[in-house]
Amino acid sequence: MKLTFHPGSAVSLTALSLALGAVLPAAAQETLEDAPKIEETILVTSTARAAAAMEQAAKTPGGTDVIPYEEFADRFLVSMRDTLGFSPGVYTQPRYGQEVRISIRGSGISRGFHMRGLTLLQDGAPINLADDNGDFQELEPIFFDHLEVYRGANALRFGSGTLGGAVNGVTPTGETAPGVYVRADVGSFETYRGLVSAGVARGKLDAWGAVSADTSHGDRDHVRRDSVRFQGNLGYQVTDAVSTRFYLSLNDIDQELPGALTLSDALNNPKKGNFAGDQARDVKSVRVQNQTRIMLGEGELALGVFLNDKDLYHPIFQVLDYSSQDRGIWARYDWERGPFALTVGAEAREGETDAKRYVNLNGRSGALTFQADQEAWTANVYAEGRYSVTDKLTLIAGAIYAEGEREQQLNFNNGAPTDVFGTASFDEFSPKFGLLYDLSPEIQLYANYSRSAEFPGFSEVAQVASFVPVDAQTAWTAEIGTRGRAGIAAWDVSLYSADIDGEMLQFTVGPDIPASTFNAGKTIHRGIEAGLDLEFTDWLTLRQVYQYSDFRFDGDAQYGDNALPVVPEHVYRAELRFTQDRFTIAPNLEWVPEGAWADYTNTTQTDGYTLLGVTGSYQATGNIALFLDARNLAGEKAAGDISAVITAAPASAIYYPVERRAVFGGIRARF
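Right, dumping it as structure tokens:
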């Protein structure tokens, strides 16, 4: 059957030639129809919503990716890495358990905990707190119908104006996942996971819900995790032009923290963990949201409202006990007539946090040491216009204006001055210009030039009792790329260069400034986000992603033109998929030729590594399938993620080892 390419409607893949070790000027997007499917034994039975998301992504003049459930159905879904690992430009590196670093174009690379620089959404509603910080553990990948990745300023339609962009996880509905679906996983380190979901559609009403439970001792000491999660939604077609859907998300997540290791321990004793203080991160959260869509002639208006309630119990150097409630509204109007198209949107979020800290008594709360009331709000308005000059050329222009404020009323600080009020406000305007050119029905070229702005959160501005002067991080990014299909090859490749002003990094500015995070002067982030998919036959496909990252200071007074730490220069992943009758087997590798720098002075660089694995599945019956996921088969020992320091020393405990050898398997069934 002849393959048909719809620009942007595919899984983006990147390439480095294995034989030559050189970058291939190509990347891949494969139509959903070409992706391997076992429709009876995966979470969703309809690909309509993912296909619609791909068509929307095709209208973007820059790096985008839509990842359908089929792409990760055979994987044991420990973390977001297992869904995003083959998305070009998305750097995902495990730290431990479900904790993973997620960075796009170097977003938040100085943050050794939680997440910054990305907008995370579930079903279109942000899960970031009102100060833009977030915990990606609340996005449970086992629930998703598909994920949408919009890199950099291409995420404008989600109200995101950050350097990294946005990731939106979309859950199924009663129409896309009817019936009962069951999945059970078991594997190394006493790991067990179960999922039960059910969907139903009756006339104008449909409903879907799922419960998952997970437990594991993990591949390091003191890294046990336990979680129970629920996702559900209820939709109603009010009229032919009006539909509404309510969403409910519940999370109960307990995660022990093993801490970072010295480089020697990461290489020689990666199982080692830290028991001191019984450090942990326990999250209990409830999210409720509604989304209503109204057809208005040649346009569609989407309206959303959401409420997030979250409790964080976090024994580390002290016990952090934070209770927060965030609420927000958003609206987006899409209109199209002839050669013209327009998107206009707005979003507003506000939240309050009761922040308490206690003496850590081996994981329990001792005497109160700190209490503050924190309030934050972030709001934006944005617009993007499109004009098709010809059948082949489309011009795009847009902008986002954002405002934000952070306030903290300090009520208790362990004997230090109290009743201290701190406040910081921000506002930024970020324009965007782009073009799309259809070289042929199956090949597309794109380019854009855009500004981004990222506001600091409480972790940055409230580092001491009173606020510290951390400004917004801004950047101008130029991007060119192509996506398409020709013969056996499908590709998607982007080249970008970002000139950043005031990048938020964790280094000492001066001995008299009591803060660990400050704005750097000028920094540069340049890179290649590429993917290549080669379909040799209908039973043999090679999937590849390659990421080149050149992040560095630009004439800094202290660090000159040194490379920024944390992200290695080259990362390559590949998967060779064989499909025959009922069997599928896919050996895979991850190759990092040279490790990342560990410090800003560029005195210590980690070694490269190669990880080998394999996934596979067997269609036992029409509605039952077995699957296997084996990782790090060679037992490679290496330092994966890093928490950057100014100058690393042998005693610096800043390294997280790569995942140890592990085997997981399970069963999927649909009734």
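Residue numbers 25 to 695, in my numbering, belong to the letters of the sequence shown in order.
Note that CB positions come from ideal geometry on N, CA and C, so glycine has one too.
Close Cβ partners of residue i (< 6 Å) along its chain, the five nearest in sequence each way excluded
{"i": "V235", "result": "V220 and F254"}
{"i": "L529", "result": "S134 and A544"}
{"i": "D397", "result": "Q433"}
{"i": "R356", "result": "A326 and G369"}
{"i": "L14", "result": "Coverage of the chain is limited to positions 25 through 695, which leaves residue 14 absent and any answer about it impossible."}
{"i": "D462", "result": "K416 and Q468"}
{"i": "S521", "result": "A502 and R550"}
For residue i, the first and last residue of its enclosing beta strand (DSSP E)
{"i": "V210", "result": "G203 to G211"}
{"i": "E503", "result": "Q497 to A510"}
{"i": "L687", "result": "For the sequence presented, residue 687 should be read as Val rather than Leu. Per DSSP, V687 belongs to the beta strand (DSSP E) from A686 to R694."}
{"i": "E79", "result": "It is not in any beta strand (DSSP E) - E79 instead sits in the alpha helix (DSSP H) that spans A72 to A81."}
{"i": "F542", "result": "T541 to N543"}
{"i": "R356", "result": "V343 to R361"}
{"i": "L187", "result": "Premise fails: L187 is in no beta strand (DSSP E) and is neither H nor E."}
{"i": "L219", "result": "T215 to R226"}
{"i": "Q303", "result": "Here Q303 belongs to no beta strand (DSSP E), and DSSP marks it neither H nor E."}
{"i": "L142", "result": "Run containing L142: none; DSSP gives neither H nor E here."}
{"i": "D245", "result": "It is not in any beta strand (DSSP E) - D245 carries neither H nor E in the DSSP assignment."}
{"i": "I678", "result": "Per DSSP, I678 belongs to no beta strand (DSSP E) and is neither H nor E."}
Strand pairing of residue i, partner residues [DSSP]
{"i": "K308", "result": "D276 and D335"}
{"i": "A440", "result": "A440 is not bridged to any residue."}
{"i": "H549", "result": "F575"}
{"i": "P617", "result": "Note: P617 sits in no beta bridge, so no partner."}
{"i": "N314", "result": "F270 and V329"}
{"i": "A649", "result": "Q643 and R692"}
{"i": "L460", "result": "T418 and Y470"}
{"i": "N384", "result": "S389"}
{"i": "S131", "result": "Answer is none; S131 lacks a bridge partner."}
{"i": "D250", "result": "T239 and D278"}
{"i": "R410", "result": "A365 and I420"}
{"i": "Q530", "result": "T541"}
{"i": "T634", "result": "W615"}
{"i": "V669", "result": "D623"}
Residue i versus residue j - alpha carbon distance
{"i": "V533", "j": "F542", "result": "Note on V533: pLDDT 47, under 50, position unreliable in the model; the coordinate value appears next. Roughly 7 Å separates the two Cα atoms."}
{"i": "N435", "j": "D278", "result": "29 Å"}
{"i": "F457", "j": "S474", "result": "6 Å"}
{"i": "F577", "j": "G526", "result": "11 Å"}
{"i": "K295", "j": "G193", "result": "32 Å"}
{"i": "N612", "j": "T639", "result": "8 Å"}
{"i": "E360", "j": "G323", "result": "6 Å"}
{"i": "V312", "j": "L163", "result": "14 Å"}
{"i": "N404", "j": "K308", "result": "28 Å"}
{"i": "E94", "j": "T69", "result": "10 Å"}
{"i": "N696", "j": "D378", "result": "The requested residue 696 is not part of the displayed model; the chain covers only 25 to 695."}
{"i": "Q342", "j": "A372", "result": "33 Å"}
{"i": "T200", "j": "F270", "result": "16 Å"}
{"i": "A300", "j": "E399", "result": "32 Å"}
{"i": "S347", "j": "F482", "result": "14 Å"}
{"i": "N257", "j": "T316", "result": "13 Å"}
{"i": "P112", "j": "E553", "result": "5 Å"}
{"i": "F695", "j": "L635", "result": "37 Å"}
{"i": "Q568", "j": "L344", "result": "42 Å"}
{"i": "Q582", "j": "A471", "result": "35 Å"}
{"i": "P202", "j": "A225", "result": "7 Å"}
{"i": "Q643", "j": "R606", "result": "5 Å"}
{"i": "S573", "j": "T402", "result": "30 Å"}
Limits of the alpha helix (DSSP H) - the one that residue i falls within
{"i": "Q582", "result": "Q582 -> no alpha helix (DSSP H), and no H or E assigned at all."}
{"i": "N292", "result": "L287 to N292"}
{"i": "V485", "result": "F482 to V485"}
{"i": "R606", "result": "No alpha helix (DSSP H) contains R606, which DSSP labels as neither H nor E."}
{"i": "D106", "result": "R105 to L108"}
Cβ neighbours of residue i in the same chain (closer than 7 Å, five flanking residues each side left out)
{"i": "P580", "result": "Looking at the sequence itself, residue 580 is Asp, so the reference to Pro does not match. So the qualifying residues of the chain are A544 and G545."}
{"i": "E452", "result": "A426, A477, A496 and T498"}
{"i": "D289", "result": "K296"}
8 Å Cβ shell around residue i - same chain, five flanking residues per side excluded
{"i": "D106", "result": "F96, R99, F100 and P165"}
{"i": "P455", "result": "A421, G422, A423, S474 and R475"}
Proximity test, residue i beta-carbon vs the ligand SAM heavy atom, cut-off 7 Å
{"i": "F542", "result": "What this structure holds is no ligand at all, so the ligand SAM is not there to describe."}
Determine contact between the region 108-124 and the region 659-675, defined as no fewer than three beta-carbon pairs at a distance below 8 Å. As far as the Cβ criterion goes, the region 108-124 touches the region 659-675, which means the pair count is three or higher.
Inter-stretch contact at 8 Å, needing at least 3 Cβ pairs: the region 122-132 / the region 593-600: For the pair of segments examined, the region 122-132 was found not to touch the region 593-600: the number of CB pairs separated by less than 8 Å stays below three.
Segment contact flag, the region 177-193 with the region 145-153, C-beta cutoff 8 Å, min 3 pairs: yes
Would you call the region 282-299 and the region 264-273 in contact, with 3 or more CB pairs under 8 Å? no
Would the region 168-176 count as touching the region 410-418 if we require 3 or more Cβ pairs under 8 Å? no
Taking 8 Å as the cut-off, does the region 502-516 touch the region 208-219 (at least 3 CB pairs, one atom from each stretch)? no
Would you call the region 647-655 in contact with the region 616-626, where contact means no fewer than 3 C-beta pairs closer than 8 Å? no
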